[in-house]
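Some notes on the structure that comes next.
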Ligand code: NAD
Ligand code: UGA
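In the numbering used here, the protein residues as written are 40 to 495.
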């Protein structure tokens with residue numbers, strides 16, 4: 040059997056490497072129009088950083104895992120084609136700022152039609168609006184062809200930073216297909232592939248539309264939890280409650296559960312925002328405007344949390360940060376990844392620079408992406424991988440990403456090198472606030488009352 044994946048990104052690369060590892064008898068090829076990415080997958084420096092991924096790629100590359108830019112040849116030879124291209128938010132025309140931009144997906148469908156010479160199972164791996172499989176089906180069957188195409192939905196639930204673990208041991212695999220003989224046969228083929236390493240009871244089969252909507256629903260509910268706890272974090276700061284204690288208390292209720300209740304400077308990542316906006320657009324398209332408003336609020340609270348964090352920095356630093364050096368610790372949207380897409384640090388760094396602060400960015404993995412994201416700020420922003428150097432002569436430091444290395448720094452040394460009064464703003468609640476306060480820092484954390492020497 041031959042599997043092809045179109046799109047060698049954060050999903051296509053790791054997912055196919057895992058299938059190749061678990062199914063040594065299947066040839067897996069990943070193609071992309073981006074030649075640089077394809078070369079990087081075959082080099083010592085993979086195009087994405089993911090713990091454990093290099094080992095999986097090393098084990099399979101050249102054995103039964105191949106990367107190529109020859110999309111046409113890949114299509115011709117494959118029995119199953121995973122489509123894992125990007126589906127960003129539309130930035131133009133109808134539905135701009137909300138709807139999913141499906142141009143890459145449609146190009147892929149047309150490309151498959153142009154090159155296919157035998158029957159194929161097409162697997163929608165990208166996150167898409169409900170009924171996209173229908174559009175794919177129509178394109179694929181738009182001309183008389185001897186080949187038949189069966190489109191399945193198989194959304195991906197991996198999270199960055201834990202992709203290998205998530206792929207190895209997924210909570211569930213979701214496969215949506217049509218309730219026809221051909222649909223059921225195609226679903227069984229895909230079930231049999233995953234069943235090589237995923238327990239059968241975790242492989243769910245549904246209809247296509249439920250599968251497509253479940254992916255948007257899962258991301259919306261996860262993001263909603265973060266916005267919910269973040270909304271409570273503001274209340275905690277105002278009242279003297281501690282959001283960590285609140286989260287721990289409510290999370291003990293087994294109906295609520297303890298995970299995904301870490302208050303933060305806001306959620307980032309390539310998908311939460313775009314998928315909720317996609318859901319909002321879907322609600323609106325169905326005439327369900329109140330429900331669109333409901334989901335939109337999850338994104339608004341997330342923006343508000345970031346703006347509130349910057350507002351707090353300005354007001355606590357005597358209402359001006361102009362000319363003040365501020366070190367941002369972390370730029371990735373979460374720990375264990377170099378990915379900065381939609382990272383809260385982008386919006387925050389831009390707002391600080393607008394206030395004419397001298398922003399210095401530090402991150403163990405994401406500085407290359409940070410330079411691209413903040414390119415238009417030029418030399419108003421500096422970069423230093425070494426957090427000690429970034430904080431030297433700074434008025435303030437702010438934690439943007441929960442990298443474990445930031446917990447282990449010598450904060451006394453950092454305090455000694457900073458200008459006084461020295462400020463620490465913890466956007467991820469990872470520092471020992473009491474200890475920092477005792478060193479002399481004025482400490483402001485998301486979700487708890489400040490510890491400051493300034494009132495005395
Ligand atoms: P990505 O941007 O990292 O990768 C997509 C790749 O597709 C790019 O390398 C691009 O060059 C390639 N591509 C685009 N059009 C092409 C074409 N016509 N032919 C060949 N290659 C083409 O995106 P990603 O993060 O891997 O996300 C892919 C999809 O998976 C999205 O729909 C996303 O919502 C979804 N998803 C992402 C994650 C995640 O953690 N990043 C998790 C679950 C689902
Ligand atoms: C998320 C989902 O968890 C995946 O299931 C999904 O497949 C993926 O989106 C996708 O569709 O792209 P990801 O964005 O990689 O995965 O990472 P998460 O761990 O979900 O974190 C998202 C953001 O929320 C990060 O910025 C993180 O710091 C923030 N977060 C998460 C919090 O602020 N608090 C929390 O308690 C949890």
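Glycine residues also receive a C-beta, built at the ideal position from the N, C-alpha and C atoms.
Burial of residue 254 is indicated by the presence of at least 16 other C-beta atoms within 10 angstroms of its C-beta. Taking 8 Å as the upper bound for CB-CB distance, residue 421 and residue 370 are not in contact here, some 13 Å apart. Each of 341, 294, 301, 327 was checked against the Cα of residue 313, and the nearest Cα belongs to 341. In this structure, the C-beta of residue 125 approaches the ligand NAD to less than 6 Å from one of its heavy atoms. The closest heavy atom of the ligand UGA lies 6 Å or more from the beta carbon of residue 276.
Relative to the ligand UGA, even the nearest heavy atom lies 6 Å or more away from the CB of residue 444. By the criterion of a C-beta distance shorter than 6 Å, residue 242 is surrounded in its chain by 212, 230, 233, once the five residues flanking it on both sides are discounted. Under the three-state reduction of DSSP output, residue 431 falls in the coil class, being neither helix nor strand. The criterion of a C-beta distance shorter than 7 Å is not satisfied by residue 456 and residue 426.
Only residues of its own chain outside the window of five on either side were considered, and among them 50, 54, 164 have a CB closer than 7 Å to the CB of residue 195, listed in chain order.
Distances between the C-beta of residue 45 and the heavy atoms of the ligand NAD include at least one below 6 Å. At a cut-off of 6 Å, the beta-carbon of residue 76 counts as near the ligand NAD: some heavy atom of the ligand is closer than that. In this structure, residue 252 places its C-beta atom within 7 Å of the C-beta atom of residue 169.
By the Cβ criterion, the region 389-398 is in contact with the region 352-370, since at least three pairs of Cβ atoms, one from each stretch, lie closer than 8 Å.
Apart from the 5 residues on each side of it in sequence, residue 147 sits with its Cβ closer than 7 Å to the Cβ of 45, 122, 124 in its chain, given in chain order. Judged by the Cβ position, residue 325 fails to qualify as a neighbour of the ligand UGA at the 6 Å threshold, every heavy atom of the ligand being at least this far. Between residue 434 and residue 413, the CB-CB gap reaches or exceeds 7 Å. The region 250-323 is shown to contain whole alpha helix (DSSP H) runs of 4 or more residues at 282-290, in chain order. Put simply, the region 206-225 does not touch the region 282-302. Fewer than three CB pairs are less than 8 Å apart. Looking at 321, 192, 485, the one whose alpha-carbon comes closest to that of residue 134 is 321.
Taking the Cβ of residue 88 as the reference point, every heavy atom of the ligand NAD lies at 6 Å or farther away.
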